[in-house]
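Trainee: Handing you a structure now.
The structure is reproduced here in structure tokens:
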């Protein structure tokens, strides 16, 4: 299996622009997680889906952030408009979904907002 | 509440054992995990332990869990330069899929 796939791997954009991050979970996994990692705040869970349905979005910073999972093999995290403080590494992870299953992480998208 | 803490840095000599510690506060934790993050990469699952166990060994890795003190440790025997990375502990609580991660411990292995 190719593992969790994220694109792009790197993104540089200007403040105010829309940013879309993409994730393809491991085939057969039905839970998907979006995390943000920064030096200051460490690894934070933004949102997670189970069977394509958002279960917990309490970690989403503000309305500028939105996430969708239109089907079992694809999810997006969108930031509109982006701000310099959104600069971070964004990870997607997936798991089989049952409570004892572990999460497998993608390589991350490194976002820099100028 | 959920709070997972780790020391930020650990430096060891190649060939020595490394012990990375983690404390958590949620007594309802079911599974506890250790992940490794190499520079520029995502998190890689190393090992995990169920909360009713107190020890798990996997090759060079030994996980110790003291549930009474809410303390988890990861021992790496015969530490190699390739073990240099950031190590995160994480806890899964209740019946959900949500993990709470620690701050990460940066392990530096010196020759």
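Protein chains in written order, with the numbering used here: chain A, -19 to 94; chain B, 25 to 135.
Glycine included, every Cβ here is placed at the ideal spot set by N, Cα and C.
#1: With distances taken from CA atoms, which of A:65, A:47, A:-8 and A:72 is nearest residue 20 of chain A?
#2: Considering only C-alpha positions, which residue in the set B:104, B:122 and B:51 is nearest to residue 13 of chain A?
#3: Between residue 108 of chain B and residue 132 of chain B, what straight-line distance do the alpha-carbon atoms span, to the nearest angstrom?
#4: Within a Cβ cutoff of 7 Å, which residues of the same chain sit near residue 37 of chain B, ignoring the five residues on either side of it in sequence?
#5: Of all Cβ atoms in chain A, is any one closer than 8 Å to the Cβ of residue 105 of chain B?
#6: Just checking my contact of residue 93 of chain A with residue -7 of chain A at CB under 8 Å: how many whole Å lie between their CB atoms?
#7: Using three-state DSSP, classify residue -12 of chain A as helix, strand or coil.
#8: Exposed or buried, what is residue 83 of chain A when buried is set at 16 or more other beta-carbons lying within 10 Å of its beta-carbon?
#9: Does residue 71 of chain A pass the burial test, meaning 16 or more other C-beta atoms within 10 Å, or should it be called exposed?
#10: DSSP beta-bridge partners for residue 89 of chain A?
#11: Are the region 0 to 13 of chain A and the region 47 to 55 of chain A touching, with three or more C-beta to C-beta distances below 8 Å?
#12: Could you give the DSSP three-state label for residue 43 of chain A: helix, strand or coil?
#13: From the beta carbon of residue 57 of chain A, is the nearest beta carbon of chain B less than 8 Å away?
#14: For the beta strand (DSSP E) that residue 4 of chain A lies in, which residues bound it at each end?
#15: Could you please tell me which residues of the region 17 to 43 of chain A, in chain order, have their CB closer than 7 Å to any CB of chain B?
#16: For residue 128 of chain B, tell me which candidate among A:24, A:54 and A:-5 has the shortest Cα-Cα distance.
#17: Taking any Cβ of chain A, which residues in the region 61 to 83 of chain B have a Cβ under 9 Å from it, in chain order?
#18: So which residues on chain A does residue 127 of chain B lean against when the C-beta distance must stay under 9 Å?
#19: Using 8 Å as the limit for Cβ to Cβ distance, is residue 142 of chain B near chain A?
#20: Which chain B residues are close to residue 86 of chain A, counting only those with a beta carbon under 8 Å from its beta carbon?
#21: Quick one: what's got a C-beta closer than 6 Å to residue 37 of chain A's C-beta in the same chain, skipping five residues either side?
#22: Taking the straight line between their C-alpha atoms, what separation do you get for residue -17 of chain A and residue 8 of chain A?
#23: What does the alpha-carbon distance come out to for the pair residue -11 of chain A and residue 81 of chain B?
Mentor: This is what the structure holds:
#1: Reading the first chain from its first residue, position 40 is the one you call residue 20 of chain A. Here the closest residue by C-alpha is A:65.
#2: To locate residue 13 of chain A, count along the first chain from 1; it is residue 33. Proximity to residue 13 of chain A across B:104, B:122 and B:51 peaks at B:122, based on C-alpha coordinates.
#3: Mapped onto the second chain, residue 108 of chain B falls at position 84. Mapped onto the second chain, residue 132 of chain B falls at position 108. Going from the Cα of residue 108 of chain B to the Cα of residue 132 of chain B covers about 5 Å.
#4: Residue 37 of chain B sits at position 13 when you count from the first residue of the second chain. So the list reads 134, once near-sequence residues are dropped.
#5: Position 81 of the second chain holds residue 105 of chain B. For residue 105 of chain B, the answer is no, since every Cβ of chain A falls outside 8 Å of its Cβ.
#6: Taking the first chain and counting its residues from 1, one reaches residue 93 of chain A at position 113. Taking the first chain and counting its residues from 1, one reaches residue -7 of chain A at position 13. At roughly 6 Å, the Cβ-Cβ gap stays under 8 Å, so residue 93 of chain A and residue -7 of chain A are in contact.
#7: Locating residue -12 of chain A in the first chain gives position 8, counting from the first residue. Of the three classes helix, strand and coil, the one that applies to residue -12 of chain A here is coil, per DSSP.
#8: Along the first chain, one-based indexing puts residue 83 of chain A at 103. With 16 or more Cβ atoms within 10 Å of its Cβ, residue 83 of chain A is classed as buried.
#9: What you label residue 71 of chain A is simply residue 91 of the first chain in a count that begins at 1. Classified as buried, residue 71 of chain A has 16 or more neighbouring CB atoms from the shown chains inside 10 Å of its CB.
#10: In the first chain, the residue the question calls residue 89 of chain A occupies position 109. Answer by DSSP bridge pairing, in chain order: A:70.
#11: yes
#12: To locate residue 43 of chain A, count along the first chain from 1; it is residue 63. In the structure shown, residue 43 of chain A sits in coil (DSSP, three-state: anything other than H, G, I, E or B).
#13: Counting from one through the first chain, the residue named residue 57 of chain A turns up at place 77. False, the Cβ-Cβ gap to chain B never drops below 8 Å.
#14: The sequence position of residue 4 of chain A within the first chain is 24, counting from 1. Segment -1 to 4, the beta strand (DSSP E) holding residue 4 of chain A.
#15: 22, 23, 25, 28, 30 and 36
#16: Stepping through the second chain from its first residue, residue 128 of chain B is reached at position 104. The option with the nearest alpha carbon to residue 128 of chain B is A:24.
#17: Cβ proximity to chain A below 9 Å picks out 61, 64, 65, 66, 67, 68, 69, 72 and 74 from the region 61 to 83 of chain B.
#18: Sequence index remark: in the second chain, residue 127 of chain B carries index 103 (1-based). Per Cβ cutoff of 9 Å: 22 and 23.
#19: Since the first and last residues shown for chain B are 25 and 135, residue 142 of chain B lies out of range.
#20: Against the first chain, residue 86 of chain A aligns to sequence position 106. The answer, in chain order, is 66.
#21: Your numbering for residue 37 of chain A matches position 57 in the first chain. Cβ contact annotation for residue 37 of chain A (same chain, cutoff 6 Å, sequence separation greater than five): 27, in chain order.
#22: Working through the first chain from its first residue, we reach residue -17 of chain A at position 3. Working through the first chain from its first residue, we reach residue 8 of chain A at position 28. Approximately 11 Å between the Cα atoms of the pair.
#23: Residue numbering aside, residue -11 of chain A sits at position 9 when the first chain is read from its first letter. Residue numbering aside, residue 81 of chain B sits at position 57 when the second chain is read from its first letter. Distance between the alpha carbons of residue -11 of chain A and residue 81 of chain B: 35 Å.
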